[in-house]
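The block underneath contains the structure these notes are about, expressed in structure tokens.
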Amino acid sequence: MHKRSFLRTAIALGLLGASGLTMAQDNVFKIGLILPMTGQQATTGRQIEAAARLWMAQNGDTIAGKKVQLILKDDTSVPDVTRRLAQELVVNEKVNVLAGFGITPSALAVAPIATQSKTPLVVMAAATSSITEASPYVVRTSFTLPQAAVAMADWAPKNGIKNVVTLVTDYGPGLDAERFFKSRFEFNGGKVPEALRVPLRNPDFAPFLQKVRDLKPDALFVFVPSGAGAAVMKQFGERGMDKAGIRLIGTGDVTDDDQLNDMGDVALGVVTSHHYSAYHPSAANKKFVADFQKANKGMRPNFMAVGGYDGMRVIYEALKKTGGKGGGDALLAAMKGQIFESPRGPVFIDAQTRDVVHNIYLRKVEKKDGQLHNVEFDVIKDVKDPGKTK
Ligand code: PHB
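Numbering-wise, the sequence shown is residues -24 to -1, 1 to 366 according to mature numbering (1 follows the signal peptide of the UniProt record, and there is no 0).
Put into structure tokens, the structure is as follows:
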């Protein structure tokens, strides 16, 4: 008798426990945020995490009756680790969305998992054009290298730059930057006598820069991933290349706001093309920068932060629209076609390509109030990714 009632109680408790768990699960909306928090790309992880947490602090963590839970994982920017973490998040944690992805190989490694599990994959950092074509579940809020590189290839020849050596990091985004810069620049009458590529892991820019010095082009066009710009700038200055009359141009990754202020005067006058500057003079951006700095001991947000912040907005809006019903497909549908004002300016998530459409700005590094900034002086509005084949 005693034994039986114990059993009954235990079963009752067990059932209660299980249904309690199910209820809790139903009311939680999980975002698996995979970022490089350590290793070579750690600044990207730090910027995006800070931006995602700022978004949640500003917008709350209960949306459409669901408690939003951010599950942060460090992939150390090793694609095999990214894949394993994504698998665990989908299978064990049953996340509703996968997000983050600091470098292209990490985003590509996870694309098949998104497709198989019908989980929207919000790319907040990686920027090779083809990523959105790797899975119909990819939505991108960062940018694409062709968007930025083409703008520079149009600006340079109109500004006395006819002969350019390119120097890019030897993987997806670098190859996109090289290809789209070169073909557009040559179309515009420019010449590219050399296209140099440096490895992604532990790059040594010195021998490449020496070669550029010997070639003496009008300008050196650079793409390096966020975090590597300061090293390029330092060695460019140490070799006296600016004094030798070689200009430095590139996509805005090289004058990354995360590092720019510490680059010193060698960065002054460097012209780049990009979608975001922390100095963008809109009210929305001023508030974003002020709030971000307040929450992060004065850290200046960079273009990675804005990709993370806008990615959270896209996820929140999709959750609001669907009420969390209908699973990954409904969420994905609600992400497509969103239009909003970002700290970078107007943003549109193209429903066909799932890629970001935004302004590309031409910017020059100037000193303002004693700090180095990317100061915008021209804009090309609503730029779609020129790399899309369809
Ligand atoms: C990328 O790996 O796609 C990537 C990383 C850093 C950047 C741009 C692109 O600044």
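Built from N, CA and C at the ideal position, the CB exists for glycine as well. Remember, predicted model here, so these are calculated numbers, not experimental data.
{"query": "Where does residue 116 sit, in a helix, a strand or coil, going by DSSP?", "result": "strand"}
{"query": "Under the criterion of a Cβ to heavy atom distance below 8 Å, does residue 24 qualify as lining the ligand PHB?", "result": "no"}
{"query": "The alpha helix (DSSP H) with residue 285 in it runs from where to where?", "result": "279 to 298"}
{"query": "Apart from the five residues just before and just after residue 276, which ones in its own chain have a Cβ nearer than 6 Å to its Cβ?", "result": "233, 254"}
{"query": "When we look at the beta-carbon of residue 361 and count the other beta-carbons within 10 Å, is it buried (16 or more) or exposed?", "result": "buried"}
{"query": "Got a sec? Which residues, its chain only, sit under 6 Å from residue 284 by beta carbon, not counting five neighbours each side?", "result": "24, 27, 28, 100"}
{"query": "Under the assumption that residue 324 contacts residue 336 (Cβ atoms under 8 Å), give the Cβ distance between them as a whole number of angstroms.", "result": "That belief does not hold up - the Cβ atoms of residue 324 and residue 336 are roughly 14 Å apart, past 8 Å."}
{"query": "With burial defined as no fewer than 16 other Cβ atoms inside 10 Å of the residue's Cβ, what is the status of residue 169: buried or exposed?", "result": "exposed"}
{"query": "Taking a contact to mean a Cβ-Cβ separation below 9 Å, would you say residue 151 touches residue 140 in this structure?", "result": "no"}
{"query": "Answer yes if the stretch 221 to 237 comes into contact with the stretch 194 to 213, meaning at least three C-beta pairs across the two stretches below 8 Å, and no otherwise.", "result": "yes"}
{"query": "Based on the DSSP output, what are the partners of residue 47 in its beta bridges?", "result": "8"}
{"query": "With hydrogens ignored, establish whether the beta-carbon of residue 11 is closer than 8 Å to any heavy atom of the ligand PHB.", "result": "no"}
{"query": "Out of 9, 53, 44, 30, which has the shortest C-alpha to C-alpha gap to residue 17?", "result": "53"}
{"query": "At the level of alpha carbons, what is the spacing between residue 195 and residue 178?", "result": "24 Å"}
{"query": "Under 9 Å, do residue 125 and residue 90 count as touching if we go by C-beta distance?", "result": "no"}
{"query": "Counting only the same chain and skipping the five closest in sequence on each side, list residues whose C-beta sits under 7 Å from that of residue 157.", "result": "125, 128, 129, 142, 197"}
{"query": "The alpha helix (DSSP H) with residue 79 in it runs from where to where?", "result": "Per DSSP, residue 79 belongs to no alpha helix (DSSP H) and is neither H nor E."}
{"query": "Is any non-hydrogen atom of the ligand PHB found closer than 8 Å to the C-beta of residue 279, if you look at the structure I gave you?", "result": "yes"}
{"query": "Run through the DSSP bridge pairs and tell me what residue 199 is partnered with.", "result": "144"}
{"query": "Would you say the beta carbon of residue 121 comes nearer than 8 Å to a heavy atom of the ligand PHB?", "result": "yes"}
{"query": "Taking contact to mean at least 3 C-beta pairs separated by less than 8 Å, is the stretch 61 to 80 in contact with the stretch 30 to 40?", "result": "no"}
{"query": "The alpha helix (DSSP H) spanning residue 369 covers which residue range?", "result": "Examination of residue 369 is not possible in this model, given that the chain is present from -24 through 366 alone."}
{"query": "Note down the Cα distance separating residue 237 from residue 348, rounded to an integer number of angstroms.", "result": "5 Å"}
{"query": "When you compare each of 246, 332, 333 to residue 353 by their alpha carbons, which one comes out closest?", "result": "246"}
{"query": "As a quick exercise: from 123, 31, 40, 43, pick the residue whose alpha carbon is nearest that of residue 226.", "result": "123"}
{"query": "At the level of alpha carbons, what is the spacing between residue -3 and residue 296?", "result": "Below a pLDDT of 50, predicted positions are generally treated as unreliable, and residue -3, at 49, falls in that range; no measurement from the model is reported."}
{"query": "Spatial neighbours of residue 264 within its chain, please: C-beta separation below 6 Å, excluding the five flanking residues on both sides.", "result": "319"}
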